[in-house]
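*Asks:* I'd like to ask you about the structure that follows.
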Amino acid sequence: MADRLFQDRRDAGRVLAGLLGHYRGRPGVVVLGLPRGGVPVAYEIAGALAAPLDVFLVHKLGVPYHEELAMGAIADGGVMVLNDDVVWSRGLSRETIRKTAERERRALLRRERLYRDARPMIELDGKVVIVVDDGLATGASMRAAIQALGRLRPARVVVAVPAAPASTCRELEALVDEVVCASTPAPFFAVGQSYVDFTQTGDEEVRDLLRAAARAGPPGTGSHGAGGPPGTGSQGAGDPPGDRREEERSRSPSVPLPSDPSGKEMSRMVETGFTTFDTTVNKTNHVLRAIEEAYGWPKGRRNRSYSALRVVLHTLRDRLTVDEVARLGSQLPMLTRGIYYGSWDPRRLPIEMNAGEFMARVRSTLPDKILEEIDGDVERLVHTVVHALREHVDEGEWEGIRSVVPKDLAAVLA
């Protein structure tokens, strides 16, 4: 869709509600907002669809001592999603990841108690779940939510966001039943560029909206229905009660953790996130080993094979259109995909290259030590990396990529 500017999150929610009108009146629909910014958007959607509203919690996992750099996220249910490129490039150990995840899980449990009070999470088994955020950049938090939701056995998962890069939307379409995005700005710089007012959403506002939605639920159902509180007379889902807001903002509620003295339950929930991680590491290690074996490099010098894989992947990626980039990325193992998308700038694509220019670009990007070790034979290196990758890419997809590049470059990728 074309670029669109929203007044604020509530306005964005009303726009999305119009795009989700086919779910109004449909039984078993639940709307989940990702705190904090996704909740005002979700509140409007839930009200318009006459559906229950709840939160779904996702916490960023920051790299120790560099907390602003996300190595992944953890979500309700103890599911963990990792940014494989960050994990790999920073050499983060399993134990480091575990300790960080346990700490963030405790924080997530505190926030869950804060937002829901004593209310249990809405049952999602067999439901149509619409998961909402105020926008997406990389989509890491949304992917964590999607994976966690999958373990709760919903009948259908719909992602709804006001704004996101088209490439992120395409990636998510492979993970859920439907993606609804009101705006895909190009170029995309940040979520806030799609809003006039992008003021940070506070915890108190989230609590107010959830309480208002719960009070407005259908009589006798006990569900977290949405809709305006009685007597507000406001547009859309209605305004949340505001007479306590200043008082609540002056307090920082102390929220006790659920009892788990031994920490066993915490460890069990964090452990579930490592199955996918171990699998994707094994697949990517297979690619790296194939490169190492071709040159006789020991595993202890894995930085050589990693650099070779990254340079060839980036050079190939930059030759493709945005659509082709997304299609190839969806075929790669998750950890390799993290390497593939690193430092990607879709505004510059595609960069026209024939085979000679492709090789020259690889040569200029490779570290000097690797060039020395391969005796300057860049063409052989490219063939080696391509051969290792092709084992993990669908044949039809690979041929589709070869069909959009010059014939001499297509021969290199054969």
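If you count by the UniProt record's numbering, then the sequence shown holds residues 1 to 414, one letter each, in order. Glycine included, every Cβ here is placed at the ideal spot set by N, Cα and C.
Looking at Val385 and the ligand GDP, is the gap between the Cβ and the nearest heavy atom below 8 angstroms?
*Replies:* Here there are no bound small molecules, and the ligand GDP is not part of this structure.
*Asks:* Does the distance from the CB of Ala107 to the CB of Val191 come in under 9 angstroms?
*Replies:* Cβ atoms of Ala107 and Val191: not closer than 9 angstroms.
*Asks:* Throw me the rounded Cβ distance for the Gly47 and Val41 pair, which I believe falls under 8 angstroms.
*Replies:* About 11 angstroms separates the two Cβ atoms, so there is no contact after all.
*Asks:* Going by DSSP, what residue range makes up the beta strand (DSSP E) through His314?
*Replies:* Premise fails: His314 lies in the alpha helix (DSSP H), Arg302 to Arg319, not in any beta strand (DSSP E).
*Asks:* Just checking my contact of Asp3 with Ser183 at CB under 8 angstroms: how many whole Å lie between their CB atoms?
*Replies:* So it is a contact: roughly 6 angstroms between Cβ atoms.
*Asks:* Among residues of its own chain, excluding the 5 on either side of residue 415, which ones have a beta-carbon nearer than 8 angstroms to its beta-carbon?
*Replies:* No information on residue 415 is available, as it lies outside the stretch 1 to 414 that the chain covers here.
*Asks:* What are the boundary residues of the alpha helix (DSSP H) that Leu49 is part of?
*Replies:* Looking at the DSSP string, the run of the alpha helix (DSSP H) that includes Leu49 is Gly38 to Leu49.
*Asks:* Under three-state DSSP, which class holds Val378?
*Replies:* Three-state DSSP puts Val378 in a helix.
*Asks:* Leaving out five residues before and five after Ala17 in sequence, what residues of the same chain have Cβ atoms less than 8 angstroms from its Cβ?
*Replies:* Contacts found: Glu44, Ile45, Gly47, Ala48, Leu49 and Gly236.
*Asks:* In three-state terms, what does DSSP make of Ser343?
*Replies:* Coil, per DSSP.
*Asks:* Judging by CA-CA distance, which residue of His66, Tyr65 and Val81 is the nearest neighbour of Gly72?
*Replies:* The shortest Cα separation from Gly72 among His66, Tyr65 and Val81 belongs to Val81.
*Asks:* Could you give the DSSP three-state label for Glu205: helix, strand or coil?
*Replies:* Looking at Glu205 - three-state DSSP - the assignment turns out to be helix.
*Asks:* Where does Glu248 fall in DSSP's three states?
*Replies:* Below a pLDDT of 50, predicted positions are generally treated as unreliable, and Glu248, at 34, falls in that range; the measurement from the model is reported next regardless. Looking at Glu248 - three-state DSSP - the assignment turns out to be helix.
*Asks:* CB-CB under 8 angstroms to His383, same chain, minus the five flanking residues each way: which ones, in chain order?
*Replies:* For His383, where only same-chain residues beyond five positions count, the Cβ hits under 8 angstroms are Val412.
*Asks:* Once you ignore the five residues that flank Pro367 on each side, which residues in its own chain have a CB closer than 8 angstroms to its CB?
*Replies:* Contacts found: Ser307.
*Asks:* If we ignore side chains and look at the alpha-carbon of each, how far apart do Leu332 and Lys283 end up?
*Replies:* Between Leu332 and Lys283, the C-alpha separation is close to 9 angstroms.
*Asks:* If we ignore side chains and look at the alpha-carbon of each, how far apart do Val29 and Val176 end up?
*Replies:* Each residue's Cα considered, the two are about 15 angstroms apart.
*Asks:* Suppose contacts are defined by Cβ-Cβ distances below 9 angstroms. Is Arg319 in contact with Ile351 by that definition?
*Replies:* Yes; because the gap between Cβ atoms is below 9 angstroms, this pair is in contact.
*Asks:* Ordered along the chain, which non-local residues of its own chain (more than five positions away) have a Cβ less than 7 angstroms from that of Asn354?
*Replies:* Closer than 7 angstroms at Cβ, skipping near neighbours: Pro406, Asp408 and Leu409.
*Asks:* Can you tell which of Asp84, Arg327 and Ala75 has the C-alpha that lies nearest to the C-alpha of Leu69?
*Replies:* Here the closest residue by C-alpha is Asp84.
*Asks:* Quick one: any contact between the segment 129-136 and the segment 152-169, if contact means 3 or more CB pairs under 8 angstroms?
*Replies:* They touch, by the three-pair rule.
*Asks:* Return the chain-ordered list of same chain residues with a C-beta closer than 8 angstroms to the C-beta of Val322, the five sequence neighbours on each side being excluded.
*Replies:* Taken in chain order, the residues that qualify are Ala166, Ser167, Pro346 and Leu349.
*Asks:* To test your reading of the DSSP string, which unbroken beta strand (DSSP E) runs of 3 or more residues are found completely within the segment 75-151?
*Replies:* For the segment 75-151, whole beta strand (DSSP E) runs of length 3 or above, ordered along the chain, are 79-82 and 128-132.
*Asks:* Comparing alpha-carbon positions, which option in Gly25, Glu292 and Val79 lies nearest Thr56?
*Replies:* One point to set straight first is that residue 56 is Phe, not Thr, in the sequence displayed. Minimum Cα distance to Phe56 is reached at Val79.
*Asks:* How big is the Cα-Cα spacing for Glu104 and Val63?
*Replies:* Rounded to whole angstroms, Glu104 to Val63 spans 12 angstroms at the Cα level.
*Asks:* Quick one: residues in its chain with C-beta nearer than 7 angstroms to the C-beta of Leu288, no 5 flanking neighbours on either side, listed in chain order?
*Replies:* Here the set comprises Arg302, Ser305, Tyr306 and Leu309.
*Asks:* Between the alpha carbons of Glu112 and Gln147, how many angstroms are there, rounded?
*Replies:* The alpha-carbon atoms of Glu112 and Gln147 are separated by roughly 18 angstroms.
*Asks:* When the distance is taken between beta carbons, is Ala213 closer than 9 angstroms to Pro52?
*Replies:* The answer is yes: Cβ separation under 9 angstroms.
*Asks:* By a C-beta neighbour count over all protein chains shown, 10 Å radius and 16 as the cutoff for buried, is Thr365 buried or exposed?
*Replies:* Result: exposed.
*Asks:* Looking at the strands, I want to know which residues DSSP matches up with His387.
*Replies:* Partner(s): none; His387 has no beta bridge.
*Asks:* Since Ser183 is in the beta strand (DSSP E), which residue starts that stretch and which ends it?
*Replies:* Glu178 to Ser183 is the extent of the beta strand (DSSP E) around Ser183.
*Asks:* Run the CB neighbour count on Leu316, radius 10 Å, all protein chains shown included, and call it buried at 16 or more, exposed below.
*Replies:* Per the 10 Å Cβ criterion, buried.
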